[in-house]
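Asks:
Numbering (this note's numbering), first residue to last: 5 to 174.
1. Is residue 135 buried or exposed, if buried means 16 or more other CB atoms sit within 10 Å of its CB?
2. Let's test the definition: count the other Cβ atoms within 10 Å of the Cβ of residue 34 and tell me whether it reaches 16, buried, or not, exposed.
3. Among 133, 118, 113, which residue has its Cα nearest to the Cα of residue 124?
4. Closest to residue 109 by CA distance: which of 12, 69, 32, 41 is it?
5. What are the start and end residues of each continuous alpha helix (DSSP H) run of 4 or more residues lying completely inside the region 69–127, in chain order?
6. With 16 other CB atoms within 10 Å as the buried threshold, where does residue 46 fall?
7. Is it buried or exposed, residue 17, if we count other Cβ atoms within 10 angstroms and call 16 or more buried?
8. Let me check one thing: in DSSP terms, what residues is residue 61 bridge-paired to?
9. Would you kindly report the start and end of the unbroken alpha helix (DSSP H) that includes residue 149?
10. Could you say if the region 69–77 and the region 7–22 meet the contact criterion of at least three C-beta pairs nearer than 8 Å?
11. Compute the beta-carbon to beta-carbon distance between residue 104 and residue 36, rounded to the nearest angstrom, for a pair I have assumed lies under 8 Å.
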């Protein structure tokens, strides 16, 4: 899903969209609300404004997110305080804005192109599960994903087929 064509504005935009959703566990509303000064290429950071939990969180960009941000932002050159997202019509030309509904439809469409049914929200489940399986602590995952309680996070982590797979006794 992150491997989008980088020879078009749309491909560059979609690569950044998917990298932010999959690699940072952000809500679609947090990704779509990003402004020109929320991604700092020189420091390799992105700042999410989490209106649902009334927090502002800064993440180090993953390698994929950083490269996608470099590719896309160099092309669109967003102004501080203005949305980084641009709409693109079916003909491929820039047309207005790219809002939450359009982003959700884009995620579904990109999934269907590779034969899976996925929503933007599914990306949060993927992030939590992947981070957990890689050995990240629940507290760290909770903070990075913007969840306010371990109970809420536990709803996002997919259950392992082997229930004791992550238990360490030695």
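Where a beta carbon is used, it is the ideal one built from N, C-alpha and C, also for glycine.
Replies: In terms of the structure at hand:
1. Counting Cβ neighbours within 10 Å, residue 135 comes out buried, since at least 16 surround it.
2. Counting C-beta atoms within 10 angstroms of its own C-beta, residue 34 has 16 or more neighbours from the protein chains shown and is therefore classed as buried.
3. Of the listed residues, the one whose Cα sits closest to residue 124 is 113.
4. For the options 12, 69, 32, 41, the alpha carbon positioned closest to that of residue 109 is the one of 32.
5. Complete alpha helix (DSSP H) runs here, min 4: 104–117.
6. Exposed: under 16 other Cβ atoms inside 10 Å.
7. Answer is buried; the Cβ neighbour count reaches 16.
8. Partner(s): 52.
9. From DSSP, the alpha helix (DSSP H) with residue 149 extends over 142–149.
10. Under the 8 Å Cβ criterion, the region 69–77 counts as touching the region 7–22, having at least three qualifying pairs.
11. The beta-carbon distance between residue 104 and residue 36, rounded to whole angstroms, is 5 Å. This is short enough to meet the 8 Å contact definition.
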